[in-house]
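Right, one structure below, let's go through it.
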Amino acid sequence: MTDADRNNGSPPVCDLIMKGGITSGVIYPKLIGKLAEAYRLKNIGGTSAGAIAAAGAAAAEFQRHTRNTDAGFAKLTELPGILGSAVQTAEGDRSRLLTLFQPVPELKRHFEILLNTLNVKVPLLATLEVAFQVLRHFPLPALAILLLSMLLPWSSFLALTGEPKAALWAALSALAGWAAITLAIRVRFRGKIAESCGLCRPFLLWFGGGVAATFATAWTFNAKAVSLPVVGMDTLAVAVEILLATMLALAGSLHAFSRSLINSLCANGFGFCNGRTSGSGPKALTDWLTGYFNELAGLDPTERPLSFGDLWRGSRNVKDPMPTAKHRVINFEAMTSAVSRKMPYRIPFTRDDKIYYFDEDEWQRLFPNSVLKAMKPDGFDESAPHPENPSRRIYRLPPAESWPVVVAVRMSLSFPILLSAVPLYAADRVEEYWDREISKSHGRTPDTKPTFKKVWFSDGGISSNMPLHFFDAFLPQHPTFAINLAEKHPKADLVKPSNSAQPGYEAWRVFLPKDNNEGRYRTWKSPTTDRVGGLLDFLWSIIGTMQNWRDELQFPYPGYRDRIVQISQSHAEGGLNLNMPAADIDALGNAGENAGNKLIEKFLQGGGWENHQRTRLRTLLTQLDIKLNDLDLGTLSIWRDLLDKKDSPYQFKNKAEKELAETTLESLVELAKTMQIHPETLAGDSAPHPFAEIRVTPKV
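Positions 114 to 813 (this note's numbering) are the ones given, in order, by the sequence shown.
The structure is reproduced here in structure tokens:
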């Protein structure tokens with residue numbers, strides 16, 4: 114709580130950062146609602162699913178600011194129950210959560226295959242399930258290959274029957290026997306692999322049953338009454354031939370599946386779902402979010418979508434003055450990744466190269482018309498020829514205050530393969546330079562037109578899944594809470610259960626350090642040692658390191674670890690579990706409420722905020738001591754001379770600015786002198802460990 118809050122009696126202020134996690138986002142609504150009971154939310158940010166929650170929290174805070182009601186937060190806390198409710202679809206009853214992810218028609222069959230294999234945790238079993246689903250949804254190539262492959266068992270049965278027609282019926286009967294046994298084995302053992310010695314027992318029963326069916330067929334069609342050994346040999350030959358035919362049929366279906374999958378993904382922005390509603394059923398993700406954010410903000414869902422400017426002003430009146438960044442009423446930010454440029458971006462854009470254009474036709478497949486209308490405000494219609502089709506135009510993105518917040522959310526949660534990436538266009542200045550140089554070298558007049566290229570924006574979690582750095586300050590005036598999502602530790606169930614049996618309140622579910630000694634260490638999985646699994650585990654760890662190294666560095670640091678609450682999930686919860694049952698969704702929602710309670714208890718009732726302030730102050734002083742002790746005082750005259758240089762880059766605009774620079778430099782040097790001659794150090798054993806680092810770094 115700041116001094117101003119104490120003096121005027123207003124609720125204390127907090128910032129909130131939420132980690133991405135696709136369906137793990139159901140954790141956040143009750144957590145936000147709980148924090149809103151004690152705090153006013155000012156700066157709210159997140160990545161992917163965390164960005165959805167952050168935008169929802171900002172919208173609810175907007176309604177509280179404009180209408181003095183907590184109705185938006187009350188509606189938000191109901192969301193886990195809504196997402197877990199059953200909805201009637203053409204495919205049957207599905208959770209509301211699952212209906213948000215609607216594949217485009219070209220990828221509907223592929224998406225169904227994905228859904229049927231999502232919760233299969235045994236890798237080999239998952240492979241078999243994919244094979245079943247591919248054959249089910251792409252049967253024509255398999256049937257064609259099977260019919261052609263029947264020549265092999267037909268020739269074997271011909272030796273027994275002596276009649277081509279009878280041999281054909283025998284071959285088809287044997288194949289039908291194998292198919293029936295395959296389906297029976299799948300129904301009997303599906304989901305029971307752990308109690309069936311892995312896949313050994315199902316495989317032996319399947320193969321033995323197939324051979325038995327083949328033998329029965331061969332004996333039945335044994336018109337020549339050949340001896341039992343001969344029938345046995347023919348049985349083994351036919352079994353091998355049917356296995357070969359089946360493999361060829363599966364390969365054909367897999368080829369059809371893979372080819373159509375790749376072509377359709379590329380045509381749909383590398384994702385199954387584009388976020389738009391398919392057909393007349395329930396709304397898909399982007400369409401639903403557009404109206405839902407308005408509802409949380411106390412607005413009509415059909416009105417102009419809630420925008421950044423609305424949040425910053427705390428008003429829908431576009432004529433109200435726009436506050437500076439520091440004085441925004443509500444500030445929402447999200448993380449995205451410009452994968453074509455290999456760079457992270459925060460939204461609203463803060464980089465110097467933030468001039469981007471969009472193709473209205475491409476965005477029509479991603480956003481409803483109300484969003485597109487808001488992205489082309491009156492009086493702002495700068496456009497350029499489309500780089501791939503000069504007869505069309507691309508339109509410059511308007512100032513950030515005009516952006517609907519759903520655009521930022523959609524750009525942040527474009528989870529690769531699941532959700533389409535968002536295309537934008539930017540001028541490549543390096544390409545323009547080389548075009549000019551080539552033109553000059555050939556004696557031609559250089560073309561002055563900009564060279565536009567497409568840039569794909571994908572999931573923010575590719576760059577930073579928990580951007581805690583968004584709202585940091587040297588000496589914060591209020592706490593910034595962060596929510597980390599983690600896997601349930603394998604030893605968690607060995608802990609004695611808590612008194613509460615309510616799902617979401619288990620002893621292992623939520624962790625928040627109670628004092629400065631907790632949270633200093635991070636756990637990790639022991640590497641897999643077998644050959645194939647070990648290699649895959651190693652490669653997956655490399656990807657995880659590239660994605661999460663910044664976040665992982667922050668977790669154990671003083672001034673960070675005390676405000677990061679960790680919520681654990683079992684393997685069947687969150688992530689890509691799109692078809693979670695209502696009970697799991699409720700448990701995750703309760704876990705969010707549990708985490709909110711712990712934050713309030715620690716920071717408002719347990720002295721956590723004052724401890725955090727002391728830690729941050731001590732950390733800053735320690736870093737100043739370290740950095741200023743490294744400053745070479747003998748170079749002072751050189752730095753002072755640089756202030757007097759004329760015709761050099763970044764000249765001061767006037768005399769007053771130059772005097773301020775000189776005063777600042779002298780004060781810095783005097784402070785360094787004090788640090789260097791003082792016998793004590795602020796970076797000793799009593800300082801917070803491990804040490805942090807102050808440095809000039811590019812702003813995301």
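For each residue, glycine too, the CB sits at the ideal point set by N, CA and C.
At a cut-off of 3 residues, the continuous stretches assigned as beta strand (DSSP E) that sit fully inside the segment 380-465 are 384-386, 444-451, 456-460.
Separation of R177 and S483 (C-alpha to C-alpha, rounded to the nearest whole angstrom) is 24 Å. Residue L526 holds the alpha-carbon nearest to the alpha-carbon of N578 among L526, E619, W569, K566. Nearest Cα to L532 within the set A170, L213, E204, R180: L213. The three-state reading of DSSP puts L588 in coil, since its state is none of H, G, I, E or B. One alpha carbon belongs to F583, the other to M131, and they sit about 11 Å apart. Straight-line measurement puts the Cα of P640 at about 45 Å from the Cα of W516. A distance below 8 Å separates the beta carbons of G427 and V442. The residues V623, L625, V678, in chain order, have a CB closer than 8 Å to that of K711 in the same chain once the five nearest residues on each side in sequence are set aside. Rounded to the nearest angstrom, the Cβ distance from F765 to C127 is 39 Å, too far for a contact under 8 Å. By the neighbour-count definition (other C-beta atoms within 10 Å, threshold 16), S681 is a buried residue.
Rounded to the nearest angstrom, the Cβ distance from T179 to G411 is 7 Å, consistent with a contact under 8 Å. In this structure, the CA atom of P792 is about 12 Å from the CA atom of K786. Taking the Cβ atoms as the reference, A696 lies roughly 7 Å from P616, within the contact range of under 8 Å.
Between V247 and S366 a beta carbon distance of about 5 Å is seen, short of the 8 Å cut, so the two are scored as contacting.
Contact between R635 and F668 holds: their C-beta atoms lie close to 6 Å from each other, under 8 Å. DSSP places A534 in no alpha helix (DSSP H); its state is neither H nor E.
Pairing H802 with Y670, the inter-Cα distance amounts to about 7 Å.
Per DSSP, E544 is one residue of the alpha helix (DSSP H) stretching across 542-554.
Bounds of any alpha helix (DSSP H) do not take in G688, whose DSSP letter is neither H nor E. Under DSSP, E600 forms a beta bridge with Q682. The beta-bridge partner set that DSSP reports for W569 consists of P536.
By the neighbour-count criterion, in which a residue is buried when 16 or more other Cβ atoms sit within 10 angstroms of its Cβ, Y763 is exposed. The three-state secondary structure of S577, taken from DSSP, is coil. Under DSSP, N335 takes part in no beta bridge, so it has no partner.
Here V519 is buried, its C-beta having at least 16 other C-beta atoms within 10 Å. A direct Cα-Cα distance of roughly 18 Å separates T330 from L259. Note: S496 is bridge-paired with Y508 in the DSSP secondary-structure output. In the DSSP assignment, R153 falls outside any alpha helix (DSSP H) and lies within the beta strand (DSSP E) extending over 153-160. One thing to note: R753 has its Cβ within 8 Å of the Cβ of L778. DSSP, reduced to helix, strand and coil, places Y141 within a helical segment of the structure shown. Cβ-Cβ distances below 6 Å link E174 to L154, I443 in the same chain, with the five nearest sequence neighbours on each side left out; the list follows chain order. The straight-line gap separating the alpha-carbon atoms of L361 and I226 is approximately 20 Å. Under the Cβ criterion (8 Å, minimum of three pairs), the segment 135-151 counts as touching the segment 684-692. Put simply, of S262, E408, D433 the residue whose alpha carbon is nearest the alpha carbon of T359 is S262.
Taking 8 Å as the cut-off, the beta carbon of L701 is found no closer than this to the beta carbon of L795.
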